[in-house]
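Enquirer: Here it is, the structure in full.
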């Protein structure tokens, strides 16, 4: 692990903010590192307000989209709400369809089959729309690169509104409206919305047109927060407000389907992290193992008995998904070793029988073992399909662009992408991708980094500090959980390995003159001898609360020890 300590802001800036807020230097430092430099910015950070959301009509083509939906409703047209099969897509479809159905009956939903149709707007989906007399299709979390498909839709008398957040290509689809804040000529102030976030801006605009306020659509934010968490978009600016209120809805008044999922987790109050690891994988499992329409059915169901049945089915899909992803990960690791590719700049693996629904998870697992840009391929129809994952600081989308002559199609983000190619292009692509990455990546990015906010002493760790840090939530990219470093630590003699194979570390740490604080280090069991040794050591950690037998105590969540 590479420990990188963030630069400490100027003391003058720390003193100014500390005085303005009545907080100590450490808290002021953490806020400045998050771009918060004055009282007003701190107020907006600690007390997000719905009034901080931007006017949806600032987004390019929003007026056109609202007018076309109004026209469809006035004329009694059939509307098809179309979305991708992952969490962002299925929550988007649930959000848009349930909002429209509140006032208009002629609305249907469509999620493409991951295996028969693949990602994004498909020709089969447009044929379905044409066969069902649909004249308006709203594409969510996809469509920005569907040039040929949207042309085909127009030829079939179907208008399309695109609500996407992926990077546009050089050419835009010929849609009635293209809502995507990443367009160069879109003046929308916040560029990092997820697909469901763009969908929410559209229903916010529709609500404004109907004389409603954002408070009237507050209950849709459970879906938006779930998509923000699952899509790993920055939890800054507008996303922070949406996630903050969405979590509030999840914990206080969730829709029936999400309540059925929460009941399976046995947790009383969910954080963004809980949504990422408990709720999102279950929603995703539907599209991975069966069909994304199962997730939409769950998220739009209003009868709790039926929702619980849907949630139980999805739990079975998730159990099957876990088993498959472990099996394929092991096979992929064996393939890398057999090919003697342990020391390359990239991991590129392929097996025609691997389940397409879990290759993205497997790519993430491989980056945990070999920390480098990774692609996992399988057979999909007459082509090969892959999921790509990157490491912190390296843009895998740009790397794929450098190999585009080998690809049929690709799309995605800096850290995650999907692509297809012809089987005969696989070896050429694999060689070219290794070359592009090796020539463009900074070698230090191939070593996992722990970014440390501040060095602290153990006596600075108090219940008051913990209370303030909890108010920094929700955490995520752009506002990660604060990470600290403490030097010269010793264990009280309590240290031991815990868990299966004693792979986790439990200890109680102190500095001379400080009270000991309990610590837990997941997957740090191999550091036990170091902790129990005579010499002091340094550690990086975040702060956590441990609840045991009704008692809550401070705890260090250890990240690394040296």
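Residue numbers (full-length UniProt numbering): 1 to 562.
Glycine included, each C-beta is placed from N, C-alpha and C at the ideal position.
(1) For the alpha helix (DSSP H) that residue 153 lies in, which residues bound it at each end?
(2) Looking at residue 202: is its Cβ nearer than 8 Å to the Cβ of residue 65?
(3) Quick one: grab the DSSP three-state call for residue 413.
(4) Measuring CA to CA, which of 490, 315 and 427 is closest to residue 406?
(5) Alpha carbon to alpha carbon, how far is residue 536 from residue 225? Give it in angstroms, no decimals.
(6) Locate the beta strand (DSSP E) running through residue 6, then write down its first and last residues.
(7) Smallest Cα separation from residue 56: which of 116, 139, 206 and 42?
(8) Consult DSSP for residue 564 and reduce its assignment to one of helix, strand or coil.
(9) Contact between the region 32-47 and the region 184-197: three or more CB pairs below 8 Å?
(10) Can you give me the C-alpha to C-alpha distance between residue 368 and residue 557, rounded to a whole angstrom?
(11) Below 8 Å CB to CB, which residues in the same chain sit around residue 274 once its five sequence neighbours on both sides are set aside?
(12) Less than 6 Å between C-beta atoms, sequence neighbours within five positions excluded: which residues of the same chain meet that for residue 374?
(13) When the Cα atoms are used, what is the spatial distance from residue 29 to residue 471?
(14) Please report the Cβ distance between residue 158 and residue 177, rounded to the nearest whole angstrom; I am assuming they are in contact, meaning their Cβ atoms lie under 8 Å.
(15) Under DSSP, the alpha helix (DSSP H) around residue 44 begins and ends at which residues?
(16) Taking the beta strand (DSSP E) that residue 135 belongs to, which residues open and close that run?
(17) From this set, 138, 513, 479 and 502, which residue's C-alpha is nearest residue 492's C-alpha?
(18) I need the straight-line Cα distance from residue 439 to residue 402, nearest angstrom please.
(19) Going by other Cβ atoms of all chains shown within 10 Å of its Cβ, with 16 needed for buried, is residue 46 buried or exposed?
(20) So, at 8 Å on beta carbons, what are the nonlocal neighbours of residue 353 in its own chain, with the 5 sequence-adjacent residues on each side left out?
(21) Using a Cβ-Cβ cut-off of 7 Å (strictly less than) and excluding sequence neighbours within five positions of residue 169, which residues of its own chain qualify?
(22) Report the CB separation of residue 79 from residue 106 in whole angstroms; it is logged as a contact under 8 Å.
(23) For the beta strand (DSSP E) containing residue 555, list its first residue and its last residue.
(24) Quick one: is residue 417 buried, meaning 16 or more other Cβ sit within 10 Å of its Cβ, or exposed?
(25) Could you name the residues that DSSP lists as bridge partners for residue 99?
(26) Under 8 Å by Cβ, that's how I've got residue 271 and residue 478 pegged, so tell me the actual separation to the nearest angstrom.
(27) Locate the beta strand (DSSP E) running through residue 69, then write down its first and last residues.
(28) Grouping DSSP H, G and I as helix and E and B as strand, with all else coil, what is residue 396?
(29) According to DSSP, what are the bridge partners of residue 451?
(30) Whole angstroms are fine: how far does the CA of residue 539 sit from the CA of residue 525?
(31) What are the boundary residues of the alpha helix (DSSP H) that residue 372 is part of?
(32) To which residues of the same chain is residue 27 closer than 6 Å at the C-beta, ignoring the five residues directly before and after it?
(33) On the premise that residue 165 lies in contact with residue 194, defined as a C-beta separation below 8 Å, what is that separation, rounded to the nearest angstrom?
(34) Report yes if the C-beta distance between residue 315 and residue 294 is below 8 Å; otherwise report no.
(35) So, using beta-carbon positions, are residue 143 and residue 112 closer together than 8 Å?
(36) Scan the region 230-261 and note each continuous beta strand (DSSP E) run of 3 residues or more that stays entirely inside, going in chain order.
Expert: From the atom records:
(1) 147-155
(2) yes
(3) coil
(4) 427
(5) 43 Å
(6) Run containing residue 6: none; DSSP gives neither H nor E here.
(7) 206
(8) Limits of the chain in this structure are 1 at one end and 562 at the other, which puts residue 564 out of reach.
(9) no
(10) 19 Å
(11) 265 and 267
(12) 347, 363, 366, 367 and 389
(13) 15 Å
(14) With 8 Å as the limit, residue 158 and residue 177 do not qualify as a contact, their Cβ atoms being about 14 Å apart.
(15) 39-46
(16) 134-140
(17) 513
(18) 11 Å
(19) exposed
(20) 378 and 379
(21) 145
(22) 6 Å
(23) 551-561
(24) buried
(25) DSSP, once it has assigned bridges, lists no residue as partnering residue 99.
(26) Actually they are not in contact, since the Cβ atoms of residue 271 and residue 478 sit about 16 Å apart, beyond 8 Å.
(27) No beta strand (DSSP E) holds residue 69; the alpha helix (DSSP H) holding it covers 62-75.
(28) helix
(29) 4
(30) 14 Å
(31) Counting along the chain, residue 372 falls outside any alpha helix (DSSP H), and DSSP gives it neither H nor E.
(32) 468
(33) 6 Å
(34) no
(35) no
(36) none
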